[in-house]
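Engineer: Residue numbers (the UniProt record's numbering): 1 to 633. Beta carbons: idealized from backbone N, C-alpha and C, even for Gly. No experiment lies behind these values; they were computed from the predicted model shown. Below is the structure I would like to discuss, written out as structure tokens.
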Amino acid sequence: MNKARAGSVDTFELTCLLWKRKATVQKRRDAFNTAREGIYEQRLRMGKAIFEDLQQHDHDIFIWITPRYNLINASPFGHQGVLFEPAIEHNGTEEQKTKWLSLARSGKILGTYCQTELGHGSFIRDLETTATFDGVTDEFVIDSPTASSAKFWPAGLGFSITHAVVMAQLIVGDKSLGPHLFIVQIRSLQDGTPRVGVKMGDIGYNEKDNGYAAFEHVRIPRTYMLMGHSTLKCDGTCTADYNRAKLSYSVMLLVRSKMPAIFAVQLAQAVTIATRYSVVREQGLGPDNSLDTETSVMSYKSQHFRTLTLVAKSYAMFFAGQDCKAQYVDLKARQNRGDHSTLASVHALCAGLKAYVTSEAADGAGEARKLCGGHGFMSISGLPDLIGVTAGGCTLEGENHVMWQQLGRYLLKQVDAIQAGQDADEQVRYLAPEGPSIPCSATDRRFLDTSVQLSIYRHRAQRLVSKAHWLVHSSRKPKSEAWNEHMMLIISASRAHIEYVVLQSFNAIINSPPAPFSPTLETVLERVRSFFALPTIINPRSTDALHFIESNTWGEAYLNTSQLDTIRFLVNELLEQLLPEAIALTDAWDFRMRAYANIMRWVEQMPINRGSVEGSWGRWVGPILNKEDRAKL
């Protein structure tokens, strides 16, 4: 491992690039080194420690992630800062924000966010929970009219929180006015017992209390409806902001904007485990069986390629995730000034990037487990837990295939605007045709140039989006049927757009870093960027790789077979150049672990290895070995 760490990269310099500032790195290290052993076993204690840390020291490190780099909903109180408070902040009046946020941030109430129902997820406008206005008492009556309308999945709902922001259909008289947000107290502040009319319980996971809640005639004051974007007066008069529906979903948009960077870090965690294992694990006498002693499995090209592909992908997705968060912050600043012009663009970006990163993180964590052989199946490797966590990301906050379609719908609308002579949003202006499509002319080492790589990705995205648009709009079928017929192409077009965006973000970090970095680090990052871009083109396991070489309308392929051979040669060259940097590139994430030593330490301390099952031998195993006792079994 010491030899593997002797690369050219200054690991601390790269760590500071990832986490922006030296002060942030030190703050993270101080926080992660705090004595929190019990937190890992008891998530309630973790949630309490995080909450008190935030109150006493104003640390924001664990607002979005746990000390184990999981999305914060791994804590029973996780939705308080991630969803409950933002829901109030984004949707409440100034008076409501003053009241409820002060209660939440002082720990006088604990909250979660209840949107998803047992029978409804992404299709929000058909949620079944109702909030019926009673003008006589000036109250809302919250009901779950069907079994499928029970709120399902919110963190802490099982038995840890006292209040919830509940999304329900607003009903005034005999008219439904669509989904709105309401603050509902669901437990006693004194003893935690469920409020009368609230049926609730725990559904798991093992470490936390995601739960369900069903409401039966639960009354709340009219003023408990969040009225930042729509107002209901005591006489039943309702007024709403033109963008109310979209603004009401801003909390989900906030979470989606955070998810790409978080899940990129989780992939980095998995690939760090796999990389360190691959360096210390020795097996065989080399690719041609010519060595005298066993060699590291990292020396085998397949292990080498699979590992570094994941390393490059984790960096690319992390930088894109950081860019996504920045665009969301810019959107909120604009909205605070009454400017919603970038809402559609940011919504589409968050949807597509969330789908891409969580899918790649889930698949990559599974690949990291395979890279570790049998050790990857062991719970103490950390990989089975990471696989479960990353797999959940493909569904929570919007199922990924639904997210791809939301991005696809945006892209096709932008093509409509371009064809109508209107201005397109900045991120999709490349979709405007620039003349006849001609094949790529790059040769040899020019494929390492970022301009060439970007042109390849841009051409693929432009061609697929244009093709999907033409097929949907030229179909004689109703638009919904045409959409369904060409859905897989639309998803491929959306993915191509996102991969182009990810490559742009990676290139922007190199060209315009948050702080100057050394020429050595710049060279290594350029190689990592190329190792994200080029293997995606030639790797047969890449999703939709075929689209890079499909012919255009005139029967010409953008890349020919000779160019693909050149790319394969360059990929092999990059593999050799990046091999000495593999450990530095994973150490830079600042995860503390030692492969074999930790495995042995953990298995030795397991209760089962301390005599806790010795009695079972005499009861079951011994009689099998003792012939005289076999008849008694």
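Taking buried to mean at least 16 other C-beta atoms within 10 Å of its own C-beta, is A442 buried or exposed?
Structural biologist: For the purposes of this step, residue 442 is identified with residue 442 of the sequence shown, where counting begins at 1. Taking every protein chain shown into account, the CB of A442 has 16 or more other CB atoms within 10 angstroms, so this residue is buried.
Engineer: Taking contact to mean 3 or more Cβ pairs, one atom from each stretch, closer than 8 Å, check whether the stretch 139-152 and the stretch 116-123 are in contact.
Structural biologist: yes
Engineer: For R527 and A582, what's the separation of their Cα atoms in angstroms?
Structural biologist: Here residue 527 refers to the residue found at position 527 when the sequence shown is read from its first residue. Here residue 582 refers to the residue found at position 582 when the sequence shown is read from its first residue. Taking the straight line from one Cα to the other gives about 12 Å.
Engineer: Where DSSP assigns a beta bridge to T231, which residues make up the other side?
Structural biologist: Along the sequence shown, one-based indexing puts residue 231 at 231. Paired residues: T239.
Engineer: Could you pull the start and end residues of the alpha helix (DSSP H) that G111 belongs to?
Structural biologist: Start at 1 with the first residue of the sequence shown, and residue 111 comes out as number 111. It is not in any alpha helix (DSSP H) - G111 instead sits in the beta strand (DSSP E) that spans 111-114.
Engineer: Quick check on the burial criterion: 16 or more other C-beta atoms within 10 angstroms. Buried or exposed for L412?
Structural biologist: As a first step, residue 412 must be located in the sequence shown, where it is residue number 412. When all chains shown are included, L412 counts as buried.
Engineer: Whose CA, out of T566, Q80, V465, H90, lies closest to the CA of D157?
Structural biologist: The sequence position of residue 157 within the sequence shown is 157, counting from 1. Rather than Asp, the amino acid found at residue 157 in this sequence is Leu. Here the closest residue by C-alpha is Q80.
Engineer: Taking C-beta to C-beta, are A493 and A468 nearer than 8 Å?
Structural biologist: By 1-based counting over the sequence shown, the position of residue 493 is 493. By 1-based counting over the sequence shown, the position of residue 468 is 468. In contact: A493 and A468 (Cβ atoms closer than 8 Å).
Engineer: Any idea what DSSP makes of Y212, helix, strand or coil?
Structural biologist: Translated into positions along the sequence shown, residue 212 becomes position 212. Looking at Y212 - three-state DSSP - the assignment turns out to be strand.
Engineer: Between which two residues does the beta strand (DSSP E) holding residue 644 run?
Structural biologist: The question about residue 644 has no answer here: the residues shown for the chain are numbered 1 through 633.
Engineer: Could you name the residues that DSSP lists as bridge partners for V141?
Structural biologist: If you number the sequence shown from 1, residue 141 lands on position 141. Note: V141 sits in a beta bridge opposite T132, R219.
Engineer: Would you call the stretch 316-333 in contact with the stretch 342-352, where contact means no fewer than 3 C-beta pairs closer than 8 Å?
Structural biologist: yes
Engineer: Suppose the cutoff is 7 Å on Cβ atoms and the five residues either side in sequence are ignored; what does the same chain contact list for P260 look like?
Structural biologist: On the sequence shown, residue 260 is found 260 positions in, with the first residue counted as 1. M317, A320, G321, C324, L353, K354, V357, listed in sequence order.
Engineer: Do you know whose CA, among K479, V452, E89, lies nearest R529's CA?
Structural biologist: Along the sequence shown, read from residue 1 onward, the residue named residue 529 stands at position 529. Answer by Cα proximity: V452.
Engineer: Kindly indicate the opening and closing residues of the beta strand (DSSP E) around Q185.
Structural biologist: The residue labelled residue 185 in the question sits at position 185 within the sequence shown. Counting along the chain, the beta strand (DSSP E) containing Q185 begins and ends at 175-185.
Engineer: Measure the alpha-carbon distance for R495 versus W404 and round it to whole angstroms.
Structural biologist: Taking the sequence shown and counting its residues from 1, one reaches residue 495 at position 495. Taking the sequence shown and counting its residues from 1, one reaches residue 404 at position 404. Approximately 7 Å between the Cα atoms of the pair.
Engineer: CA-CA distance, E37 and V389?
Structural biologist: Numbered from its first residue, the sequence shown carries residue 37 at position 37. Numbered from its first residue, the sequence shown carries residue 389 at position 389. Here the model assigns E37 a pLDDT of 36, short of 50, so the residue's position is not dependable and the matter cannot be decided.
Engineer: Using only the alpha-carbon positions, how far apart do E139 and Y113 sit?
Structural biologist: The residue labelled residue 139 in the question sits at position 139 within the sequence shown. The residue labelled residue 113 in the question sits at position 113 within the sequence shown. About 21 Å.
Engineer: Specify the secondary structure class of S551 as computed by DSSP and reduced to three states.
Structural biologist: Along the sequence shown, one-based indexing puts residue 551 at 551. Reduced to three states, the DSSP call for S551 is strand.
Engineer: Taking just the CA atoms, how far does T275 sit from D191?
Structural biologist: As a working note, residue 191 is residue 191 in the sequence shown. As a working note, residue 275 is residue 275 in the sequence shown. Cα to Cα, D191 sits roughly 49 Å from T275.
Engineer: A557 bridges to which residues according to DSSP?
Structural biologist: The sequence position of residue 557 within the sequence shown is 557, counting from 1. Paired residue(s): S551.
Engineer: Going by other Cβ atoms of all chains shown within 10 Å of its Cβ, with 16 needed for buried, is T137 buried or exposed?
Structural biologist: Numbered from its first residue, the sequence shown carries residue 137 at position 137. Exposed is the call here.
Engineer: Please work out which residues of its chain come closer than 7 Å, Cβ to Cβ, to F591, disregarding the five sequence neighbours upstream and downstream, and give them in chain order.
Structural biologist: Along the sequence shown, read from residue 1 onward, the residue named residue 591 stands at position 591. If we look at F591 and ignore the five residues flanking it on each side, its Cβ neighbours are Q269, T272.
Engineer: If contacts are defined as beta-carbon pairs under 8 Å, then I142 and V196 qualify, I think. What distance do you get, rounded to the angstrom?
Structural biologist: Here the question's residue 142 lines up with position 142 in the sequence shown. Here the question's residue 196 lines up with position 196 in the sequence shown. No, I142 and V196 are not in contact; Cβ-Cβ is about 12 Å, not under 8 Å.
Engineer: Let me know the secondary structure DSSP gives E573 once reduced to three states.
Structural biologist: Sequence index remark: in the sequence shown, residue 573 carries index 573 (1-based). If DSSP states are grouped into helix, strand and coil, E573 belongs with the helices.
Engineer: On the DSSP bridge list, what partners appear for M200?
Structural biologist: For the purposes of this step, residue 200 is taken as the residue at position 200 of the sequence shown. In the DSSP output, where bridge partners are listed per residue, M200 has A213.
Engineer: Check whether the stretch 359-375 and the stretch 297-310 touch, using three or more Cβ-Cβ pairs below 8 Å as the test.
Structural biologist: yes
Engineer: Could you pull the DSSP bridge partners for K151 from this structure?
Structural biologist: For this step, residue 151 is matched to residue 151 along the sequence shown. According to DSSP, K151 bridges with E117, A213.
Engineer: Relative to the alpha-carbon of R281, which residue among R446, G376, D235 has its alpha-carbon at the smallest distance?
Structural biologist: Here residue 281 corresponds to residue number 281 of the sequence shown, with the count starting at 1. Considering only alpha carbons, the answer is G376.
Engineer: So, are the CB atoms of N210 and A155 less than 8 Å apart?
Structural biologist: As a position in the sequence shown, residue 210 is number 210, starting the count at 1. As a position in the sequence shown, residue 155 is number 155, starting the count at 1. The criterion of a C-beta distance shorter than 8 Å is satisfied by N210 and A155.
Engineer: Helix, strand or coil for M378, going by three-state DSSP, please let me know.
Structural biologist: Taking the sequence shown and counting its residues from 1, the one referred to as residue 378 is at position 378. Shown here, M378 sits in coil according to DSSP, grouped into three states, outside any helix or strand.
Engineer: At what residues does the alpha helix (DSSP H) containing S466 begin and finish?
Structural biologist: Along the sequence shown, read from residue 1 onward, the residue named residue 466 stands at position 466. It spans 450-474 - the alpha helix (DSSP H) in which S466 sits, taken as one unbroken run.
Engineer: Thinking just about the alpha-carbon of each residue, which of F133, I510, A391 is nearest to the one in K175?
Structural biologist: On the sequence shown, residue 175 is found 175 positions in, with the first residue counted as 1. Across the set F133, I510, A391, the C-alpha of F133 shows the shortest separation from the C-alpha of K175.
Engineer: Measure the C-alpha to C-alpha separation of A35 and T223 and round it to an integer number of angstroms.
Structural biologist: Sequence index remark: in the sequence shown, residue 35 carries index 35 (1-based). Sequence index remark: in the sequence shown, residue 223 carries index 223 (1-based). Annotation note: pLDDT 37 at A35 (below 50); position unreliable, coordinate value reported separately. Near 43 Å, if we compare the C-alpha coordinates of T223 and A35.
Engineer: Return the chain-ordered list of same chain residues with a C-beta closer than 8 Å to the C-beta of L103, the five sequence neighbours on each side being excluded.
Structural biologist: The sequence position of residue 103 within the sequence shown is 103, counting from 1. So the list reads I109, once near-sequence residues are dropped.
Engineer: Counting along the chain, where does the alpha helix (DSSP H) carrying N511 start and finish?
Structural biologist: Position 511 of the sequence shown, counted from the start, is the residue given in the question as residue 511. DSSP places N511 in the uninterrupted alpha helix (DSSP H) bounded by 487-511.
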